[in-house]
Amino acid sequence: MTTSQSITSIHRNPIALLDAEWARMVYSPRVLRTVNSWGLRPAPFTSLDEVLMAIGFRGAKCDLAADQMLAQVVRHAATDALAARIVLQRVIPPMLAIARRRGHIRSIGYNDALGMVLSHAWEVIRRYPIERRPAKIAVNIVRDIEYFAFVRGERRRQQFETGAAIHDATLNQRSADLLNHEDPYGSSTGRSHAEVELAFLLQSARDHNMSEKSRAIFDALTTQTLDEFAAAHGISRRTARGWLSDAANELRVRTQCAA
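This is the structure:
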């Protein structure tokens with residue numbers, strides 16, 4: 001399959017490339033054997049278009065059966081590129097709508113907006129936290145794609161001076177001490193609200209499906225101050241704050257983006 005090449009090499013008409021790839025796959029015996037091995041339904045599928053319809057492509061907004069079947073495909077998508085490719089095809093129509101709307105709002109044009117959407121779609125699909133967000137899956141995936149393509153950068157600029165809304169003094173505390181404290185909510189310890197917030201943030205990073213870079217940042221801050229982290233990576237303090245802001249924003253969208 002050439003999915004990763006199609007997504008990362010955004011040509012003038014990337015949707016045409018994806019549609020052409022889909023046409024090559026739609027009746028492939030090998031592809032259909034793989035799909036039918038997932039046990040999505042008792043009767044085997046005879047084409048990938050059947051799979052698309054079954055997981056809600058251009059269907060009703062509230063279709064519990066389609067949502068449940070899409071959940072099964074998304075579970076496979078974490079480790080199976082074919083499953084991820086099917087999910088990508090499923091969400092193409094709403095991704096096009098995002099590109100049209102964002103291209104107009106930001107005055108960057110449809111093509112550039114579409115490139116931004118596609119550049120984030122694959123990772124969002126492969127990393128979707130299905131166990132924590134098992135319903136309204138297509139809507140959640142599309143919202144996550146829009147967030148990472150268009151919202152995260154804006155929030156980083158807006159929050160640059162405050163990082164992830166955590167005071168610098170908090171970053172000088174050893175988070176291991178905070179996380180191991182017998183009263184994690186600080187109700188009787190006199191710890192600051194910022195300290196409690198950092199403890200929660202670090203624990204949440206471990207509990208949720210964070211990117212490797214974001215997990216590494218949070219883990220480093222269990223033993224280093226922000227200045228030490230910057231020095232260890234040969235970057236400025238300003239850049240380190242930007243990295244922390246990105247990590248905090250990723251955690252926020254993983255836990256709160258959509259119900």
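Mapped onto the numbering used here, the consecutive letters of the sequence shown carry residue numbers 1 to 259.
Glycine is no exception: its CB is placed at the ideal position from the N, C-alpha and C atoms.
- For Thr34, the enclosing alpha helix (DSSP H) starts and ends at Pro29 to Asn36.
- Less than 8 Å divides the Cβ of Arg90 from the Cβ of Gly56.
- Rounded to whole angstroms, the gap between the alpha carbons of Asp246 and Thr225 is 17 Å.
- Spatial neighbours of Ile92 in its own chain (CB-CB distance under 8 Å, excluding positions within 5 residues in sequence) are listed in chain order as Ile15 and Leu18.
- In this structure the region 112-130 touches the region 144-151; the number of beta carbon pairs closer than 8 Å is three or more.
- Burial check for Asp227: the Cβ neighbour count within 10 Å stays below 16, so the residue is exposed.
- Assigned with DSSP and collapsed to three states, Ile145 falls in helix.
- Spanning the alpha carbons of Asn36 and Val87 requires a straight line of approximately 16 Å.
- Taking C-beta atoms as the reference points, Val74 and Tyr110 fail to come closer than 8 Å.
- Unbroken alpha helix (DSSP H) stretches of 4 residues or longer found wholly inside the region 68-148: 81-90, 92-105, 110-126 and 137-146, given in chain order.
- Following the DSSP letters along the chain, one finds Asp49 inside the alpha helix (DSSP H) bounded by residues Leu48 to Ala54.
- Its chain contains Gln72 and His76 as the residues whose beta carbon lies nearer than 7 Å to that of Trp38, once the 5 sequence neighbours on both sides are disregarded; these appear in chain order.
- When C-beta atoms of the region 129-144 are compared with those of the region 59-71, three or more pairs fall below 8 Å, so the two segments count as touching.
- For the pair Gly234 and Val117, the Cα-to-Cα distance works out to about 31 Å.
- Taking all protein chains shown into account, Ser214 has 16 or more neighbouring C-beta atoms within 10 Å of its C-beta and is therefore buried.
- In the DSSP assignment, Asp63 falls outside any alpha helix (DSSP H), carrying neither H nor E.
- In this model, Met25 and Ala81 are separated by some 13 Å (Cα to Cα).
- In this structure, the beta-carbon distance from Ile98 to Val142 falls below 8 Å.
- Contact annotation: Ile217 and Leu244 have beta-carbon atoms nearer than 8 Å.
- When the five nearest sequence neighbours on each side are left out, the beta carbons in the same chain lying within less than 7 Å of the beta carbon of Phe45 are those of Leu32, Val35, Asn36 and Val51, in order along the chain.
- With distances taken between CA atoms, Arg152 lies nearest to Gly242 out of Glu212, Asp219, Leu48 and Gly242.
- Distance from the CA atom of Arg106 to the CA atom of Arg58, rounded to whole angstroms, is 27 Å.
- Selection Ala78, Glu21 and Ala248 evaluated against Glu131 yields Ala78 as nearest (Cα-Cα).
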